[in-house]
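Worksheet: the structure to be examined is printed underneath.
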Ligand SMILES: Nc1nc2c(ncn2[C@@H]2O[C@H](COP(=O)(O)OP(=O)(O)OP(=O)(O)O)[C@@H](O)[C@H]2O)c(=O)[nH]1
Ligand SMILES: [Mg+2]
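In my numbering, the protein residues as written are 72 to 522.
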């Protein structure tokens, strides 16, 4: 339990209807009583309406809730003050709290206290941070299931199995002078292999989760003036990028994020690939080519009014085997059967569209949804995991490998028991049961102030 009391705004520093200030620590109740006009109304989990006062001055009218520890977010006594949502008002209240012995909280300090007081494990703490920063529906659902223990339970079950196995092996050691066998090497090896398989599966699901959090890198490519930027604006549903009939309008990469089928899409508009008219355009084109190579999906845009040109073909061949959607833009300028006949002629399954009028957009959206579902078919079963967790899992898998070998060559049970102990310790790091201070510091410093 901490000896000092901390406070911070839990809401963003913007003008809004309500802002929230959080206080946690032993002085939460005392400080609240000193600064609140209706201190007699302050009761556990009761919303009290009154004013924050500073001497004779009314600072703001607020609702104040006191939570008696350990039944609070941090596990300590806490107070939450709901004041008017003006950052100046929030600062005034914080200053009054500072004068009553409460200090400003650092980033993630509330969550760190919650973790240290056993209110949640590290996977849940990290999931809260992911929930706050989530940029897609998938990330929100994954954060919520992780807050409720999905990764913790999966890892804990394996840890438990290793603890049981170690107990059986130690029983064998204890009774080695008698002729009782608690666990045969063969059956122990089967159990070890099954834990190893499950660990590999968890690692795979964490990798899948990381990929889904990053989202899909989609890039618009094509010759100058084919309507890439117009399409970008249509997809984003806003006038984000400059559009003009002058070829070479876009010179830099322009990246925006959106959601398709619940997954984050990182969409990049690029400079048209063609004969550059100056050095800046040349640089833009070079950058575009590099970016196409890095992207997962290319939206190859072709201008229907000029059909497929030699330059279009060169760009298509430079895309290689990458996932590509062929978009035939400006169909408002051509015959309605043109897309079909061009698809037949070239073998490219064109999606006809008019970025100008929006015709055909629904088909493009469906095609993108199809790509997303294909790329992230297993994301429902995945976990949110940062590099810390991935590293722990990798080293556990490596160690499990070594353990199987020990069984294979009938190593002494004492050595196997020691190895199992090490593995249990490694897996405990995922939930934070055994985690050095500096690691905790680096995890919670990534949180925002007030969380
Ligand atoms: N008729 C018609 N014109 C379009 C359509 N889409 C884009 N345009 C026009 O085509 C011109 C070029 O559009 P942009 O979106 O700037 O093309 P771009 O591919 O981004 O061009 P660069 O940035 O120069 O590579 C503009 O005048 C647009 O209004 C369309 O579907 N139909
Ligand atoms: Mg452009």
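Backbone N, C-alpha and C define an ideal beta-carbon position, used for all residues, glycine too.
Since the structure is predicted, the reported quantities are computational estimates derived from the model, not experimental observations.
Worksheet entry | the stretch 300–315 in contact with the stretch 221–231 per 3-pair CB rule at 8 Å | no
Item to complete: Please find out if some non-hydrogen atom of ligand 2 comes closer than 8 Å to the beta-carbon of residue 342.
Response: For the purposes of this step, residue 342 is taken as the residue at position 271 of the chain shown. Yes, the Cβ of residue 342 comes within 8 Å of a heavy atom of ligand 2.
Discussion item. Taking only three categories from DSSP, how would you classify residue 394?
Written reply: As a working note, residue 394 is residue 323 in the chain shown. Residue state, collapsed to three classes: strand.
Worksheet item: What residues are listed by DSSP as bridge partners for residue 175?
Response: Mapped onto the chain shown, residue 175 falls at position 104. Beta-bridge pairing links residue 175 to 78.
Discussion item. Between residue 497 and residue 475, how many whole angstroms is the CB-CB distance? I'm expecting something under 8 Å.
Written reply: Numbered from its first residue, the chain shown carries residue 497 at position 426. Numbered from its first residue, the chain shown carries residue 475 at position 404. About 16 Å separates the two Cβ atoms, so there is no contact after all.
Discussion item. With a threshold of 9 Å between beta carbons, is residue 178 in contact with chain C?
Written reply: Although the question refers to chain C, the structure presented lacks it and comprises just one protein chain.
Worksheet item: Is residue 384 buried or exposed, if buried means 16 or more other CB atoms sit within 10 Å of its CB?
Response: Here residue 384 is taken as the residue at index 313 of the chain shown, counted from 1. It counts as exposed.
Worksheet item: Helix, strand or coil: which one does DSSP assign to residue 364?
Response: Stepping through the chain shown from its first residue, residue 364 is reached at position 293. Of the three classes helix, strand and coil, the one that applies to residue 364 here is helix, per DSSP.
Worksheet item: Which two residues bound the contiguous alpha helix (DSSP H) that contains residue 475?
Response: Counted from its first residue, the chain shown places residue 475 at position 404. Counting along the chain, the alpha helix (DSSP H) containing residue 475 begins and ends at 458–479.
Practice prompt. Give the straight-line distance between the Cα atoms of residue 178 and residue 134, rounded to the nearest whole angstrom.
Written response: Counted from its first residue, the chain shown places residue 178 at position 107. Counted from its first residue, the chain shown places residue 134 at position 63. In a straight line, the C-alpha of residue 178 is about 25 Å away from that of residue 134.
Discussion item. Between which two residues does the beta strand (DSSP E) holding residue 263 run?
Written reply: Locating residue 263 in the chain shown gives position 192, counting from the first residue. Where residue 263 is concerned, there is no enclosing beta strand (DSSP E), although the alpha helix (DSSP H) it sits in stretches over 256–285.
Discussion item. I'd like to know if the stretch 157–168 and the stretch 129–144 are in contact, where contact means that at least 3 CB-CB pairs between them fall below 8 Å.
Written reply: yes
Item to complete: Tell me whether residue 360 counts as near ligand 1, meaning its Cβ is closer than 8 Å to at least one heavy atom of that ligand.
Response: By 1-based counting over the chain shown, the position of residue 360 is 289. No, since every heavy atom of ligand 1 falls outside the 8 Å radius drawn around the Cβ of residue 360.
Worksheet item: Are residue 223 and residue 461 closer than 9 Å when you measure CB to CB?
Response: For the purposes of this step, residue 223 is taken as residue 152 along the chain shown, with counting starting at 1. For the purposes of this step, residue 461 is taken as residue 390 along the chain shown, with counting starting at 1. No.
Worksheet entry | the stretch 283–299 / the stretch 439–457 touching (three or more Cβ pairs under 8 Å) | yes
Item to complete: Put residue 381 into one of helix, strand or coil per three-state DSSP.
Response: Taking the first residue of the chain shown as position 1, residue 381 is located at position 310. If DSSP states are grouped into helix, strand and coil, residue 381 belongs with the helices.
Worksheet item: Whole alpha helix (DSSP H) runs in the stretch 88–176 with 4 or more residues, listed along the chain?
Response: 99–106, 158–170
Item to complete: Evaluate the contact criterion for the stretch 189–202 versus the stretch 115–127: three or more CB pairs, one atom per stretch, below 8 Å.
Response: no
Worksheet item: Cβ-heavy atom distance between residue 194 and ligand 1 below 8 Å?
Response: For the purposes of this step, residue 194 is taken as the residue at position 123 of the chain shown. Residue 194: no, Cβ never under 8 Å from ligand 1.
Worksheet item: Do residue 154 and residue 77 have their C-beta atoms within less than 9 Å of each other?
Response: Position 83 of the chain shown, counted from the start, is the residue given in the question as residue 154. Position 6 of the chain shown, counted from the start, is the residue given in the question as residue 77. No, the pair does not count as a contact, with Cβ atoms beyond the cut-off.
Worksheet item: Can you list, in chain order, the stretches of the beta strand (DSSP E) that have 3 or more residues and sit fully within the stretch 292–357?
Response: 325–331, 334–340
Worksheet item: Can you tell me whether DSSP reads residue 371 as helix, strand or coil?
Response: Here residue 371 refers to the residue found at position 300 when the chain shown is read from its first residue. Strand.
Discussion item. Could you tell me the alpha carbon to alpha carbon distance between residue 90 and residue 107, rounded to whole angstroms?
Written reply: By one-based count along the chain shown, residue 90 stands at place 19. By one-based count along the chain shown, residue 107 stands at place 36. C-alpha separation (whole angstroms): 17 Å.
Discussion item. Quick check on residue 484: does DSSP put it in helix, strand or coil?
Written reply: Here the question's residue 484 lines up with position 413 in the chain shown. Correct three-state label for residue 484: helix.
Worksheet item: So is the beta-carbon of residue 387 under 8 Å away from any non-hydrogen atom of ligand 1?
Response: In the chain shown, the residue the question calls residue 387 occupies position 316. Result no, Cβ not under 8 Å from ligand 1.
Practice prompt. Specify whether the stretch 288–295 and the stretch 258–277 touch according to this definition: at least 3 beta carbon pairs, one from each stretch, less than 8 Å apart.
Written response: no
Practice prompt. Please state whether DSSP places residue 386 in a helix, a strand or coil.
Written response: The residue you call residue 386 lines up with position 315 of the chain shown. Residue 386 falls in the helix class under three-state DSSP.
Item to complete: Please find out if some non-hydrogen atom of ligand 1 comes closer than 8 Å to the beta-carbon of residue 349.
Response: In the chain shown, residue 349 corresponds to position 278, counting from 1. Checking the Cβ of residue 349 against ligand 1 gives no.
Practice prompt. Going by CA-CA distance only, name the one from 351, 359, 333, 423 that's closest to residue 343.
Written response: Your numbering for residue 343 matches position 272 in the chain shown. Minimum Cα distance to residue 343 is reached at 359.
Worksheet entry | Close-in-space but distant-in-sequence residues of the same chain around residue 490 (CB under 8 Å, 5 per side omitted) | Locating residue 490 in the chain shown gives position 419, counting from the first residue. Around residue 490: 470, 473, 474, 477.
Discussion item. Can you tell me where the alpha helix (DSSP H) holding residue 432 begins and where it ends?
Written reply: Start at 1 with the first residue of the chain shown, and residue 432 comes out as number 361. Here the alpha helix (DSSP H) through residue 432 covers 432–446.
Worksheet item: Helix, strand or coil: how does DSSP classify residue 288 here?
Response: Here residue 288 is taken as the residue at index 217 of the chain shown, counted from 1. Reduced to three states, the DSSP call for residue 288 is strand.
Worksheet item: How many angstroms separate the CA atom of residue 517 from the CA atom of residue 140?
Response: Looking up residue 517 in the chain shown gives position 446. Looking up residue 140 in the chain shown gives position 69. Taking the straight line from one Cα to the other gives about 25 Å.
Worksheet item: Is residue 112 near residue 102, with beta carbons less than 9 Å apart?
Response: Within the chain shown, the letter at position 41 stands for residue 112. Within the chain shown, the letter at position 31 stands for residue 102. Against a cut-off of 9 Å, the Cβ pair of residue 102 and residue 112 comes out as no contact.
Practice prompt. Answer yes if the stretch 386–404 comes into contact with the stretch 424–439, meaning at least three C-beta pairs across the two stretches below 8 Å, and no otherwise.
Written response: yes
Item to complete: Just the C-alpha distance for residue 314 and residue 334, rounded to the nearest angstrom, thanks.
Response: In the chain shown, the residue the question calls residue 314 occupies position 243. In the chain shown, the residue the question calls residue 334 occupies position 263. Answer to the nearest angstrom: the Cα atoms are 27 Å apart.
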